[in-house]
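A short write-up of the structure that comes next.
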Amino acid sequence: MRLYYALFAAAPLFCNIDAHIEGYGVVVPEWEVEITPGGPTTVLNGTIEEVHEELLQLNPDWDEEYTVNSTESELAERDSRVELFARTDFSDAEYHCGGRWPKCRTTIINQGISYLRRIKGKPRNGPGPGNCGRVSCSFNSAIWWCNDNAKSKTLNSFSSIADGAAFIVKKCYIPDRGPPVPGKWNMLSGQAFHNSKWNVLATDAPIERYGIVVPEWEVEVTSGSTTVLEGTIEEIHEELLQLNPNWDEEYMSNFTQAAADTEKRDSDKHLFGRTNFNGAKYTCRGRWPECHTAPIVRGVEYLRYVQGKPKNGPGPGNCGRDHLQLVTMGYMKTTYDYFDLNAPFTPLPKYGHLSKKTPEYEQAEPSIRKTYESLFSLPDFPSVRAVAGDSDAVMPPGGPDRYKDVVTSLIDITTRDGTMIELKVYKSPNVKENAVLMYRIHGGGWCLGRHEVDGVDNVYAVTNTSIIVVSVDYRKAPEHPFPTPINDCYDGLIWCKKNASRLGIDPEKIIISGGSAGGQLAASLALDCVRDGVTGVIAQVLHFPSTCHPKFFPKDKYEYGSYVQNSDDAVLSTINMETVLDAHVPDAKPDYRHSPLLAVSFKGLPPTLIQCGGTDVLRDDSFAYAEALKKDGVNVEIYSYAGLPHWFPVILPQTSQSVQFYERYNNFLAKHTRK
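Okay, so the sequence shown: first residue is 1 according to the UniProt record's numbering, each after it adds one.
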């Protein structure tokens, strides 16, 4: 018997037997399996690993008779010859990766797939929808299959489940280190929905066993004077500066030098003796989600400069978080190209009064600023994307239940240059036939984000059962600068129109919607539709949109002061906005496809909703675009929220203005879906 069979026999010891999946009923799966080749079958219960143990008790030679010394390719060939099973087609299946499902180990899922292919029989599951059985579980990496039919479901073979799990691996595993290999716990999670109303899920079954405490630090404030402080190394640093404003100069004047210089400096000054980790036991990845190496290296350097003795309470498993990196990204701009912030400035008459912050924002601003500094401490845009991920957006208090009121799925499509991009479909379980399509373009400064950046807006939209939302994950700058993002958005919309019946939408009832950078792309896409005669666009929604590159803004026509007045806003500063503008359009030339305000005409555009924040650098972009549209006869509703920042409904969801924001949004959608 191969070694990994022994691994599987022991695997239930490493799996959380009490694990469940929220929103689904969980049952112990039944397996109708052969005990001997061509002989009688029996019904067994449990995971594939537990069933394997029972089979060995019934037939000690089971492994040798079915699986001995066979490679995966040999098994596939043998399966084909003896017609043990036919492969189940998942090629057109809807699926989603990550999101609400915790990630599990790809190599363990692959081993479960291999195991399932070797079992002959027919898995059964009781009536659904959402009736699930965990068919494989090892090292808390589980394969489930769920029946969404109202009646019991029997599959043709266990290989059908394996095919679904293999489809998830193909779609959801990101090969950043090459193909998944044993011993390297490359992570994934996902769900694939077969068109006969059953689905396969690969996810983690977490085990909590470590306590987390705030670490104590006995540190030097000045030479010879120590004190005890609590918090991360960055929080300690802030307190040290309050106690000794010259602490940086005295202890870490050369903080930004390379790690090699740090090591030599440490050795020269004999600040400390190195702790010997040679021969230490260690694990890589395993149960711990991966983080980014560059911030860890910076944290190491930071820790080397702090003199003192860290303390921790009794264990075992008593842990303190020593490091949360708060520095500025090296790729962020540091000088302004489009605004003179040193020039005298007086708030402008029309909209300048909107910048006075609300008490709620003033109170929350320091923690918001710290959160954004932490996110943007990473070395480049891809690192920020990876850390941010695309977990399901958290709904505000009193908002809809996204796991009860909404179902989602993913679809891959091909763009004009042959590249695959992803669409995410949001809809109510009770959605009406021939629904209105809300085509959503997410924000993120053209460089960051995926579908769930706008997840709250999307969930609110589909509580209207006349709407299906399709979000497009366009390619990002700086790797894919203008015009790739707008081209991807255009291609995605055309695909939706051509595949209306598959989506369940009316191709002549489309609302184009977007926020922030997505607001710019949505506005430009609507103009493209007018230009090209693309029919069916009945409305557009633009939340906090960027409507013109500052280099080309027609200041002689519209008031333009928000970039200067709100330049240091905690959520979106002028320097950050200049950074992403330059990444999106590196050598900017006038073009409405990145600056919709520059369009020659706005005639033919549909009714438009625009909403903006008073302290947002993009505030005046919104007002200018509204004025331009109204001048050409477009019906525009515009609402501004004094004293609140960019994307405030997500950042400050409990404010009355956030409630009003979504009421106006829902009312606009209701008005244009009744027609």
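Positions of the beta carbon are idealized from the N, C-alpha and C atoms, including for glycine.
Here the structure is a predicted model, which means the values were calculated and not measured.
Give the secondary structure of residue i by DSSP, where H, G and I count as helix, E and B as strand, and everything else as coil.
{"i": "Leu56", "result": "helix"}
{"i": "Thr579", "result": "helix"}
{"i": "Asp412", "result": "strand"}
{"i": "Cys146", "result": "strand"}
{"i": "Phe553", "result": "coil"}
{"i": "Trp198", "result": "strand"}
{"i": "Asn487", "result": "helix"}
{"i": "Leu437", "result": "strand"}
{"i": "Asn430", "result": "coil"}
{"i": "Cys137", "result": "strand"}
{"i": "Glu65", "result": "helix"}
{"i": "Ala259", "result": "Confidence is the limiting factor: at Ala259 the pLDDT is only 37, short of 50, which leaves the residue's position unreliable, though a coordinate-based value still follows. If DSSP states are grouped into helix, strand and coil, Ala259 belongs with the helices."}
{"i": "Ile468", "result": "strand"}
{"i": "Val541", "result": "strand"}
{"i": "Thr106", "result": "helix"}
{"i": "Pro40", "result": "coil"}
{"i": "Ile161", "result": "helix"}
{"i": "Ala192", "result": "strand"}
{"i": "Cys612", "result": "strand"}
{"i": "Leu229", "result": "strand"}
{"i": "Leu423", "result": "strand"}
When the Cα of residue i is compared with those of the options, which residue comes out closest?
{"i": "Leu629", "options": "Gln242, Pro596 and Leu56", "result": "Pro596"}
{"i": "Thr415", "options": "Pro382, Cys489 and Ser658", "result": "Cys489"}
{"i": "Ala202", "options": "Gln111, Asn149 and Leu243", "result": "Gln111"}
{"i": "Ser524", "options": "Glu637, Pro550, Tyr403 and Ile486", "result": "Ile486"}
{"i": "Pro649", "options": "Lys603, Cys146, Met395 and Leu598", "result": "Met395"}
{"i": "Ile108", "options": "Met187, Pro127, Cys97 and Gly126", "result": "Met187"}
{"i": "Gly613", "options": "Ser658, Asp457 and His594", "result": "Ser658"}
{"i": "Pro481", "options": "Val453, Val456, Leu448 and Glu452", "result": "Leu448"}
{"i": "Tyr563", "options": "Phe339, Leu58 and Phe90", "result": "Phe339"}
{"i": "Asp556", "options": "Ala624, Ile505 and Asn667", "result": "Ala624"}
{"i": "Glu479", "options": "Arg385, Phe668, Ala526 and Tyr665", "result": "Arg385"}
{"i": "Val459", "options": "Pro607, Pro483, Lys153 and Tyr403", "result": "Tyr403"}
{"i": "Pro245", "options": "Val221, Ile467 and Tyr95", "result": "Val221"}
{"i": "Gly398", "options": "Asn667, Pro102, Leu58 and Gln660", "result": "Gln660"}
Distance check for residue j and residue i, CA to CA, integer angstroms please.
{"i": "Asp18", "j": "Cys137", "result": "Reliability of the predicted coordinates at Asp18 is poor, the pLDDT of 45 falling under 50, and the value obtained from them is presented with this limitation in mind. Approximately 12 angstroms between the Cα atoms of the pair."}
{"i": "Ile35", "j": "Gly99", "result": "39 angstroms"}
{"i": "residue 762", "j": "Thr106", "result": "For the chain, the structure presents residues 1 to 675; residue 762 sits outside this window and is missing."}
{"i": "Asp92", "j": "Val462", "result": "24 angstroms"}
{"i": "Thr227", "j": "Leu598", "result": "60 angstroms"}
{"i": "His52", "j": "Met332", "result": "56 angstroms"}
{"i": "Asp457", "j": "Val636", "result": "19 angstroms"}
{"i": "Phe552", "j": "Val617", "result": "16 angstroms"}
{"i": "Gly536", "j": "Glu663", "result": "25 angstroms"}
{"i": "Arg674", "j": "Ser374", "result": "44 angstroms"}
{"i": "Trp495", "j": "Val387", "result": "30 angstroms"}
{"i": "Ser513", "j": "Pro37", "result": "58 angstroms"}
{"i": "Lys357", "j": "Ala642", "result": "7 angstroms"}
{"i": "Arg450", "j": "Asp61", "result": "51 angstroms"}
{"i": "Leu240", "j": "Phe376", "result": "23 angstroms"}
{"i": "Leu55", "j": "Pro40", "result": "12 angstroms"}
{"i": "Leu44", "j": "Trp144", "result": "17 angstroms"}
{"i": "Asn470", "j": "Leu423", "result": "Correcting the residue type first, residue 470 is Val in the shown sequence and not Asn. Whole-angstrom Cα-Cα distance: 6 angstroms."}
{"i": "Tyr592", "j": "Asn667", "result": "29 angstroms"}
Under 9 angstroms between the Cβ atoms of residue i and residue j?
{"i": "Asp412", "j": "Lys171", "result": "yes"}
{"i": "His442", "j": "Asp491", "result": "no"}
{"i": "Ser428", "j": "Val407", "result": "yes"}
{"i": "Thr615", "j": "Leu243", "result": "no"}
{"i": "Cys97", "j": "Gly190", "result": "yes"}
{"i": "Thr547", "j": "Asp632", "result": "no"}
{"i": "Ile610", "j": "His543", "result": "yes"}
{"i": "Gly455", "j": "Ala517", "result": "no"}
{"i": "residue 702", "j": "Pro129", "result": "Residue numbering for the chain in the displayed model covers 1 to 675; residue 702 lies beyond these limits and cannot be assessed."}
{"i": "Tyr351", "j": "Gly561", "result": "yes"}
{"i": "Thr334", "j": "Ile575", "result": "yes"}
{"i": "Gln540", "j": "Thr608", "result": "yes"}
{"i": "Cys132", "j": "Asp204", "result": "no"}
{"i": "Val530", "j": "Lys603", "result": "yes"}
{"i": "residue 697", "j": "Ile505", "result": "What the structure shows of the chain is the stretch from 1 to 675, and residue 697 is not part of that stretch, so it cannot be assessed."}
{"i": "Lys498", "j": "Phe381", "result": "no"}
{"i": "Pro645", "j": "Ile638", "result": "no"}
Query raised in the report: If you pair each beta-carbon of the stretch 347-356 with each one of the stretch 434-448, do three or more pairs fall below 8 angstroms?
Result: no
**Report entry** Any 3 or more C-beta pairs closer than 8 angstroms across the stretch 148-165 and the stretch 192-199
**Finding:** Enough Cβ pairs lie closer than 8 angstroms, so yes.
**Report entry** Touching by the beta-carbon criterion (3+ pairs, under 8 angstroms), the stretch 554-572 and the stretch 361-381
**Finding:** yes
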